[in-house]
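Undergrad:
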Amino acid sequence: MFRFAWLNLLSRPVRTILALVGLSIPVLGVVGLLSLSNGLRGLVGDTVKLVQGVMLLRTNTPSPIFSDIDPKLVSEIRAIPGIKHVAPEFWRVAPPVENTSTVLRSLTAGSSEKRLANFLETPVVLGMDIAEHNRLDSAVYQRALIKPPSVGGRFLEDRDKGLNRVVISKKFAEQYANKDGSPKKPGDKIRIGSDEFEIIGIYETASLLLDVVLVMDIGTARRLLKAPDDALSALYVEMNDPGENDRISKIIEDRWDEIDSRGMNEVEASFGDIMGEIDVLLMMAVGLAFGVGAIGIANTMIMSIMERVPEIGVLRTNGWSSRQVLSLITLESLILGAISGLVGCALAVAACWTANLYLTDGIRLIPTPAIIVRGMALALLTGILAGSYPAWRASRWSPMEAIRYDP
Amino acid sequence: MAMIETQDVKKSYPSGEGLMEILHGVSLSIPAGHCAFIVGPSGSGKSTLLHLIGAMDQPTSGRVIIDGADLTTMSEAQKDIFRRDKIGIIFQAFNLVGNLTAIENVLVPFLPRGITPELRDRATEMLKKVGLGHRLTHRPNKMSGGEQQRVAIARALVKHPQVVLADEPTGQLDSHTGEEIFRILRNLQHESGTTLVVVTHDRRFIQPGDLVLEIEDGLLKH
Ligand SMILES: Nc1ncnc2c1ncn2[C@@H]1O[C@H](COP(=O)(O)OP(=O)(O)O)[C@@H](O)[C@H]1O
Ligand SMILES: [Mg+2]
Numbered sequence: 020m021f022r023f024a025w026l027n028l029l030s031r032p033v034r035t036i037l038a039l040v041g042l043s044i045p046v047l048g049v050v051g052l053l054s055l056s057n058g059l060r061g062l063v064g065d066t067v068k069l070v071q072g073v074m075l076l077r078t079n080t081p082s083p084i085f086s087d088i089d090p091k092l093v094s095e096i097r098a099i100p101g102i103k104h105v106a107p108e109f110w111r112v113a114p115p116v117e118n119t120s121t122v123l124r125s126l127t128a129g130s131s132e133k134r135l136a137n138f139l140e141t142p143v144v145l146g147m148d149i150a151e152h153n154r155l156d157s158a159v160y161q162r163a164l165i166k167p168p169s170v171g172g173r174f175l176e177d178r179d180k181g182l183n184r185v186v187i188s189k190k191f192a193e194q195y196a197n198k199d200g201s202p203k204k205p206g207d208k209i210r211i212g213s214d215e216f217e218i219i220g221i222y223e224t225a226s227l228l229l230d231v232v233l234v235m236d237i238g239t240a241r242r243l244l245k246a247p248d249d250a251l252s253a254l255y256v257e258m259n260d261p262g263e264n265d266r267i268s269k270i271i272e273d274r275w276d277e278i279d280s281r282g283m284n285e286v287e288a289s290f291g292d293i294m295g296e297i298d299v300l301l302m303m304a305v306g307l308a309f310g311v312g313a314i315g316i317a318n319t320m321i322m323s324i325m326e327r328v329p330e331i332g333v334l335r336t337n338g339w340s341s342r343q344v345l346s347l348i349t350l351e352s353l354i355l356g357a358i359s360g361l362v363g364c365a366l367a368v369a370a371c372w373t374a375n376l377y378l379t380d381g382i383r384l385i386p387t388p389a390i391i392v393r394g395m396a397l398a399l400l401t402g403i404l405a406g407s408y409p410a411w412r413a414s415r416w417s418p419m420e421a422i423r424y425d426p
Numbered sequence: 164m165a166m167i168e169t170q171d172v173k174k175s176y177p178s179g180e181g182l183m184e185i186l187h188g189v190s191l192s193i194p195a196g197h198c199a200f201i202v203g204p205s206g207s208g209k210s211t212l213l214h215l216i217g218a219m220d221q222p223t224s225g226r227v228i229i230d231g232a233d234l235t236t237m238s239e240a241q242k243d244i245f246r247r248d249k250i251g252i253i254f255q256a257f258n259l260v261g262n263l264t265a266i267e268n269v270l271v272p273f274l275p276r277g278i279t280p281e282l283r284d285r286a287t288e289m290l291k292k293v294g295l296g297h298r299l300t301h302r303p304n305k306m307s308g309g310e311q312q313r314v315a316i317a318r319a320l321v322k323h324p325q326v327v328l329a330d331e332p333t334g335q336l337d338s339h340t341g342e343e344i345f346r347i348l349r350n351l352q353h354e355s356g357t358t359l360v361v362v363t364h365d366r367r368f369i370q371p372g373d374l375v376l377e378i379e380d381g382l383l384k385h
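Chain order of the listed sequences is A and B.
Throughout the first sequence, residue numbering follows our numbering, covering 20 to 426 in sequence.
Throughout the second sequence, residue numbering follows our numbering, covering 164 to 385 in sequence.
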């Protein structure tokens, strides 16, 4: 049966190949995209191991930059037994840095790699309660500060309260270089919105997603972003025993509906979600391509059955049931789907390898087995769905009708 | 006992506005193991009658009883199985599957259920009987008309059917090849004891002892 289906496909090689190409391309697209988003998540995974605390955000906000929290909660949460530190934070998307808007930059960037990188590099302001943060055991940016002598500089201290002083990433120091082309260093100035800031330190977290944060005093950040004096986005919370993170998180979530507790990895991933909107567009394009691929397969199968009406009549008169004819045609389009899937996945893996040779900045396209399986499943499903109508048509002819049919 | 029996079978096809009746009430009886010829002018309804006997089509009224089973009361699925197990059919246009070899064509009725080595042996044996032992793996387009028809005969007989139906099996062959085909058909029928029904307008192949059913304008002549 399988051999028969296979031979039927081989007897019209050009048509079969066209159908294969039509479906391979969307498979390539979807596997490539999933690999990319997986690569981004992998990037996050690298750094979270350091992080011991949890972040409290408003329920249903994807990222701290969209979150706000009632300042009155701080003291109540601090009073919960088992909690060691509660560090208030204020997060927002930064105003244009050095008078350049990221959206503009990414649209005008030459290569698509640059464009992607730029979208991930939308600067974010983190205003922190300096005193509280310096008491934390697992503060991300403090730890990531590049120590002298390689760059020099220091982290925020109590004396920086209310002042236009900022700690930026090495990546931004290079990206927003001085006029003479040298990277920014402690002591240099950087424009954030309409304000001039003094750079006091440079950090590097090794995570593309975290290295977009401009770290400053919480009061300074509220003033810069014209937010109320007590505006809060998130609370970074450490427990006495990190093993209790889950239990205490649950207590907090049960008590305040509007609060959601997240591991830092989830929060971090949300920065990548600025990508989310493009993802949707790309996925729509891939979906469209799948539609076109499906139509290609359906078309191939319809042409194929119309040519074979008398032959299908032969099968029926020799005792094939309509269901067995249905299976044959479905099997043929399933094989088309399977080969398209294999070809598409192979191309995608090759494309990922090639892309990884050229991609810098730590982005890696990682086509995991799970992603390949998903690509294959989509291809098989498309094959079956696209073949179902022709198969149904072919199975409906009566043996006599089919055998007398004059093509 | 009759292997094939039809009782007042009528068959109409939709034509233009209304229906056109092709068979006007055919009653016949063919005993088991016999060879019957359906003869008559072109367009008289011979093929139509054969299709009804082979459960490939449904009569408008009347009954078709094969080996005691009434086809007109069978479900589609039952008819599929009936065709698969009890009927071997041979057409004028050979009707082989172009993508399959001779032996695979013989095995077509068994393809959906899977080919066992035993079935393969049976098919090989059958092809040898029709004189195609040297053509097992040839495709139809590499074979002559006579050879193709012999593959079709092997396919019809490989399942040991109760009834073999042949619709003008020599219609597209020269007379010499036609004789050979009939010789093979008769030999195999003799050997297997199956009931053979042949539609033809060529009376040369009729032998004494054969049942001859003459059809004209949709009615049996007596
Ligand atoms: N499926 C069909 N639809 C309409 N008319 C048909 C159909 N099959 C056969 N006929 C008509 O029935 C008549 C008898 O056909 P057929 O049984 O093939 O005759 P024969 O085999 O004796 O030459 C012909 O006029 C033919 O056109
Ligand atoms: Mg005819």
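Cβ atoms here follow ideal geometry from the backbone N, Cα and C, with glycine treated the same way.
Bear in mind the structure is a predicted one, so any value in this text is a computation, not a measurement.
Is it a yes or a no for the stretch 242-249 of chain A touching the stretch 187-199 of chain A, going by three-plus beta-carbon pairs under 8 Å?
TA: Result no; under three Cβ-Cβ pairs closer than 8 Å.
Undergrad: Given a cut-off of 8 Å, decide if LEU37 of chain A and GLY315 of chain A are closer than it, judged by their beta-carbon atoms.
TA: Translated into the one-based positions of the first sequence, residue 315 of chain A becomes position 296. Translated into the one-based positions of the first sequence, residue 37 of chain A becomes position 18. A contact, by the Cβ cut-off of 8 Å.
Undergrad: Would you say the beta carbon of LYS249 of chain B is closer than 7 Å to some non-hydrogen atom of ligand 2?
TA: Counting from 1 along the second sequence, the entry for residue 249 of chain B is found at position 86. No, Cβ of LYS249 of chain B sits at least 7 Å from all heavy atoms of ligand 2.
Undergrad: Quick one: is the Cβ of ILE390 of chain A within less than 7 Å of any heavy atom of ligand 1?
TA: Position 371 of the first sequence, counted from the first residue, corresponds to residue 390 of chain A. No, ligand 1 has no heavy atom inside 7 Å of this Cβ.
Undergrad: Applying a beta-carbon distance threshold of less than 7 Å, which residues of chain B neighbour ASP20 of chain A?
TA: Taking the first sequence and counting its residues from 1, one reaches residue 20 of chain A at position 1. The displayed chain sequence assigns Met, not Asp, to residue 20 of chain A. Neighbours of MET20 of chain A on chain B, chain order: LEU274, PRO275.
Undergrad: Which word fits TRP5 of chain A, buried or exposed, when buried means at least 16 other C-beta atoms lie within 10 angstroms of its C-beta?
TA: What is shown of chain A runs 20 to 426, which leaves residue 5 of chain A out entirely.
Undergrad: In terms of residues, what are the limits of the alpha helix (DSSP H) holding GLU193 of chain A?
TA: Position 174 of the first sequence holds residue 193 of chain A. Start and end: 189-194.
Undergrad: Give the straight-line distance between the Cα atoms of VAL271 of chain B and LEU347 of chain A, rounded to the nearest whole angstrom.
TA: Position 108 of the second sequence holds residue 271 of chain B. Position 328 of the first sequence holds residue 347 of chain A. If I take the Cα positions, the gap works out to 13 Å.
Undergrad: Would you report the Cα separation of VAL50 of chain A and VAL260 of chain B, rounded to the nearest angstrom?
TA: Translated into the one-based positions of the first sequence, residue 50 of chain A becomes position 31. Translated into the one-based positions of the second sequence, residue 260 of chain B becomes position 97. Computed Cα separation, rounded: 39 Å.
Undergrad: What's the call for MET235 of chain A, buried or exposed, on a 16-neighbour Cβ count within 10 Å?
TA: What you label residue 235 of chain A is simply residue 216 of the first sequence in a count that begins at 1. It counts as buried.
Undergrad: So, for ASP380 of chain B: in the same chain, excluding its five sequence neighbours on each side, which residues have a beta-carbon less than 7 Å away from its beta-carbon?
TA: Counting from 1 along the second sequence, the entry for residue 380 of chain B is found at position 217. For ASP380 of chain B, where only same-chain residues beyond five positions count, the Cβ hits under 7 Å are SER207.
Undergrad: Whose beta carbon lies closer than 5 Å to any heavy atom of ligand 1, going through the chain in order?
TA: Residues with a Cβ closer than 5 Å to any heavy atom of ligand 1, in chain order: B:TYR176, B:ILE185, B:SER205, B:GLY206, B:SER207, B:GLY208, B:LYS209, B:SER210, B:THR211.
Undergrad: Starting from ASN304 of chain B, find everything on chain A with Cβ-Cβ shorter than 8 Å and list it in chain order.
TA: Position 141 of the second sequence holds residue 304 of chain B. Going along chain A, no residue has its Cβ under 8 Å from ASN304 of chain B, so there is no contact; the nearest lies around 11 Å.
Undergrad: My assumption, with CB atoms under 8 Å, is that ALA265 of chain B sits in contact with LEU299 of chain B. Please give the rounded CB distance.
TA: If you number the second sequence from 1, residue 265 of chain B lands on position 102. If you number the second sequence from 1, residue 299 of chain B lands on position 136. ALA265 of chain B to LEU299 of chain B, Cβ: 6 Å. Contact.
Undergrad: Can you look up THR239 of chain A in the DSSP assignment and give me helix, strand or coil?
TA: Along the first sequence, read from residue 1 onward, the residue named residue 239 of chain A stands at position 220. Of the three classes helix, strand and coil, the one that applies to THR239 of chain A here is helix, per DSSP.
Undergrad: Give me the subset of the stretch 304-320 of chain B whose CB atoms are less than 8 Å from a CB atom of chain A, sorted by chain position.
TA: Under the 8 Å Cβ criterion, the stretch 304-320 of chain B contributes ARG318.
Undergrad: Among A:GLU272, A:GLU420, A:TRP275, A:ILE354, which has the Cα closest to the Cα of PRO329 of chain A?
TA: Residue mapping note: residue 329 of chain A aligns to position 310 of the first sequence, counting from 1. Closest option to PRO329 of chain A, Cα to Cα, is A:GLU420.
Undergrad: Take VAL327 of chain B and list the residues in its own chain whose beta-carbon comes closer than 6 Å to its own, dropping the five residues that flank it on each side.
TA: Within the second sequence, the letter at position 164 stands for residue 327 of chain B. Around VAL327 of chain B: GLY251, ALA319, THR357, LEU359.
Undergrad: Spell out the partners DSSP gives MET302 of chain A in its beta bridges.
TA: Within the first sequence, numbered from 1, the residue matching residue 302 of chain A stands at position 283. Note: MET302 of chain A sits in no beta bridge, so no partner.
Undergrad: Which residues in chain B sit within 9 Å of ASN375 of chain A, going by Cβ to Cβ distance?
TA: In the first sequence, residue 375 of chain A corresponds to position 356, counting from 1. Per Cβ cutoff of 9 Å: no residues; ASN375 of chain A is ~43 Å from chain B at best.
Undergrad: Step through the CB atoms of chain A and report whether any lies within less than 8 Å of the CB of HIS214 of chain B.
TA: In the second sequence, counting from the first residue as 1, residue 214 of chain B sits at position 51. Interface residue, yes.
Undergrad: Looking at the structure shown, is PRO107 of chain A part of a helix, part of a strand, or coil, going by DSSP?
TA: As a working mapping, residue 107 of chain A is identified with position 88 in the first sequence. PRO107 of chain A falls in the strand class under three-state DSSP.
Undergrad: I'd like to know whether the C-beta of ARG247 of chain B is nearer than 8 Å to at least one C-beta of chain A.
TA: Start at 1 with the first residue of the second sequence, and residue 247 of chain B comes out as number 84. Yes - at least one Cβ of chain A is within 8 Å of the one on ARG247 of chain B.
Undergrad: Check whether the Cβ atoms of VAL185 of chain A and LEU233 of chain A lie closer than 8 Å to each other.
TA: Your numbering for residue 185 of chain A matches position 166 in the first sequence. Your numbering for residue 233 of chain A matches position 214 in the first sequence. Contact flag set, yes.
Undergrad: Across which residues does DSSP place ASP330 of chain B in a beta bridge pair?
TA: On the second sequence, residue 330 of chain B is found 167 positions in, with the first residue counted as 1. DSSP lists B:VAL362 as partners of ASP330 of chain B.
Undergrad: Please state whether DSSP places LEU350 of chain A in a helix, a strand or coil.
TA: For the purposes of this step, residue 350 of chain A is identified with residue 331 of the first sequence, where counting begins at 1. Correct three-state label for LEU350 of chain A: helix.
Undergrad: Spatial neighbours of ARG335 of chain A within its chain, please: CB distance less than 7 Å, with the 5 preceding and 5 following residues excluded, ordered by chain position.
TA: Residue 335 of chain A sits at position 316 when you count from the first residue of the first sequence. Excluding residues within five positions, the ones whose Cβ falls inside 7 Å are VAL344, PRO418, ALA421.
Undergrad: Can you have a look at LYS189 of chain A and say buried or exposed, based on whether 16 or more other CB atoms are within 10 angstroms of its CB?
TA: Your numbering for residue 189 of chain A matches position 170 in the first sequence. Buried, by the Cβ-count rule.
Undergrad: Closer than 7 Å: is that where the CB of ASP233 of chain B sits relative to any heavy atom of ligand 2?
TA: In the second sequence, the residue the question calls residue 233 of chain B occupies position 70. No, since every heavy atom of ligand 2 falls outside the 7 Å radius drawn around the Cβ of ASP233 of chain B.
Undergrad: Can you tell me which of the three DSSP states ARG210 of chain A falls into?
TA: The count along the first sequence starts at 1 and reaches residue 210 of chain A at position 191. If DSSP states are grouped into helix, strand and coil, ARG210 of chain A belongs with the strands.
Undergrad: Check whether the stretch 171-180 of chain A touches the stretch 253-272 of chain A, taking contact to mean three or more Cβ pairs, one atom from each stretch, closer than 8 Å.
TA: These segments do not touch.
Undergrad: With distances taken from CA atoms, which of A:ASP279, A:ILE44, A:SER54, A:LEU26 is nearest ILE391 of chain A?
TA: As a position in the first sequence, residue 391 of chain A is number 372, starting the count at 1. For ILE391 of chain A, the nearest C-alpha among the options comes from A:SER54.
Undergrad: Smallest Cα separation from ILE221 of chain A: which of A:THR35, A:ARG34, A:ALA163, A:ARG22?
TA: As a position in the first sequence, residue 221 of chain A is number 202, starting the count at 1. The option with the nearest alpha carbon to ILE221 of chain A is A:ALA163.
Undergrad: The alpha helix (DSSP H) with PHE254 of chain B in it runs from where to where?
TA: Residue numbering aside, residue 254 of chain B sits at position 91 when the second sequence is read from its first letter. No alpha helix (DSSP H) contains PHE254 of chain B, which DSSP labels as neither H nor E.
Undergrad: Thinking GLY217 of chain B and ARG246 of chain B are a contact (beta carbons under 8 Å), I'd like their distance in whole angstroms, please.
TA: As a working note, residue 217 of chain B is residue 54 in the second sequence. As a working note, residue 246 of chain B is residue 83 in the second sequence. Indeed they touch by this definition, with Cβ atoms about 7 Å apart.
Undergrad: At 9 Å on the CB atoms, spell out the chain A contacts of ILE229 of chain B, in chain order.
TA: Locating residue 229 of chain B in the second sequence gives position 66, where the first residue counts as 1. Within 9 Å Cβ-Cβ: nothing; ILE229 of chain B doesn't reach chain A, min ~14 Å.
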